[in-house]
């Protein structure tokens, strides 16, 4: 749906997610893995037309689409933190465990 909001919006989101994954690989010291991911991201973004043209979404449909995407993102993060709360007791501890699990800042 992001490509229908604007063709570049999908590319921007894929780039941001890919950049976070590459930084995650670098922060873990997995240079080969991070390099492979960066090369894959570059090749994916370099290719030509992504999708056949469809009708552009209206402003209202675009708003609903982006809102649904953000709501799904927040709900997934909330469910992940809610699963950790019984183990930790506080939100700060749950976020610290989630950060260690993803191995940021190791």
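Residue numbers (the working numbering): 493 to 598.
Every residue, glycine too, gets a C-beta built ideally from N, C-alpha and C.
Among the options, nearest to residue i - alpha-carbon criterion
i           : options            : result
residue 513 : 536, 503, 570, 525 : 525
residue 573 : 561, 589, 562, 496 : 589
residue 593 : 505, 520, 497      : 520
residue 511 : 498, 495, 528      : 528
residue 495 : 587, 561, 565, 581 : 561
Assigned exposure category for residue i - 16 Cβ within 10 Å defines buried
i           : result
residue 570 : exposed
residue 517 : buried
Residue i versus residue j: straight-line alpha-carbon distance, rounded
i           : j           : result
residue 558 : residue 548 : 14 angstroms
residue 579 : residue 568 : 18 angstroms
residue 583 : residue 576 : 9 angstroms
residue 585 : residue 595 : 15 angstroms
residue 497 : residue 555 : 8 angstroms
residue 587 : residue 566 : 14 angstroms
residue 522 : residue 515 : 10 angstroms
residue 535 : residue 551 : 31 angstroms
Reduced DSSP secondary structure (H/G/I, E/B, other) of residue i
i           : result
residue 578 : helix
residue 594 : coil
residue 557 : helix
residue 503 : helix
residue 508 : helix
residue 552 : helix
residue 496 : helix
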